[in-house]
Each structure stands twice: as C-alpha cells, then as structure tokens.
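Taking it in order: structure first as structure tokens, then the write-up.
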Amino acid sequence: MNSKYLVYLLTGVFLLLGAETSFPVSSDTFTSGKDWNEKMSKGEKFISVYAPMILFHRYGINFRKTPDEYAETLDQVLMENPYLEKEDVVNIFASTVYAYEPESRRAFVIMKMELANEYLKPALLVKKRLNTDVNDL
-4 MNSKYLVYLL
6 TGVFLLLGAE
16 TSFPVSSDTF
26 TSGKDWNEKM
36 SKGEKFISVY
46 APMILFHRYG
56 INFRKTPDEY
66 AETLDQVLME
76 NPYLEKEDVV
86 NIFASTVYAY
96 EPESRRAFVI
106 MKMELANEYL
116 KPALLVKKRL
126 NTDVNDL
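Here the sequence shown is numbered in this note's numbering, starting from -4 and rising by one per residue.
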C-alpha cells in the first residue's frame, strides 16, 4: 500500500516540476536511437533504461545486468545496427533484454498478453508479481 502512495507522490512531484519549467517539455524528447547516440548524457541514458526496468521487473523479468551495463549494451547495439536510430529507445531496450536474456521471454509473453488485453492499470504498476506467476505457464 505504501508503494502505491509513493508512486502517486512521485508522479505529482514530476508533474509539478514539469509545469514549473519555462521550457517546453515533450514526450518525444530523447526517445529515438539517434537521440540516444547524439544528445543523451550518461545520466539520461541511465534513466531511460532504469524506468522500463522497473516495469519489466514487475512482470517477473530479472536482469543479469545493471542499468549502466545495459546503457553500454545499447550503445553497442546501436553502433552495430545503425538502422535502429529511428526506433524508440524503450523498444530497443526491450528487444535487447529479450535477445540477451532468453529466460525472460516467458515474462515478456505475459506482459504482451496483458497489454494486448488492456490489463495495464495504475494499480498494476505497483503490484508485486510472484515468480510463480511467470514459472507456472
């Protein structure tokens, strides 16, 4: 229950900070692979990887690498695959985890089914998943 209120508090703080800034903030800033390579700092790359890691972990995906290691991996993936520059960073990250950590694939299937069925609700974001939810498929 406390996690729920923490999420609401942080969301409120970010909304207030966004409203207080004098420069325009858009959701498409720093999202493409090209922006990842050309504009993002190391800290921005960390946040861009860490945020989806939180959601993926809620679906039972356990990561072998830290966010910093995944940021370096994404640098390498984008260097080797320049055609991904137009893709969204979160999609590139999800594909990278799917490719590098095969044991996570079942959890991605569950996540895909729930998103396709529109089961993603704010309460789901703070719900802890048990490993048995993933393993018993």
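Just so you know, even glycine gets a beta-carbon here, dropped at the ideal spot from N, CA and C.
Per-residue burial, residue i [other beta carbons within 10 Å of its own, 16 or more giving buried]
i    : result
L79  : buried
E98  : exposed
I135 : What the structure shows of the chain is the stretch from -4 to 132, and residue 135 is not part of that stretch, so it cannot be assessed.
I49  : exposed
K40  : buried
L110 : exposed
G38  : exposed
A66  : buried
Range covered by the alpha helix (DSSP H) that runs through residue i
i    : result
S36  : Here S36 belongs to no alpha helix (DSSP H), and DSSP marks it neither H nor E.
E67  : 62 to 75
L79  : Unbroken run through L79: none, as it is neither H nor E.
E109 : 100 to 111
Among the options, the one whose alpha carbon lies nearest that of residue i
i    : options              : result
R53  : A94, D70, I105       : I105
V44  : K107, A102, N76, V92 : V92
E96  : S36, E33, I56        : I56
A102 : S27, N32, F58, N76   : F58
D63  : N76, A46, E75        : A46
D30  : A94, D83, N112, E75  : D83
CB-CB length for residue i against residue j, believed under 8 Å
i   : j   : result
L69 : F51 : Rounded, the Cβ-Cβ distance is 14 Å, inconsistent with contact.
Heavy atom of the ligand PLP within 7 Å of residue i beta-carbon
i   : result
S36 : As presented, the structure is devoid of all ligands, the ligand PLP included, so that no description of it is given.
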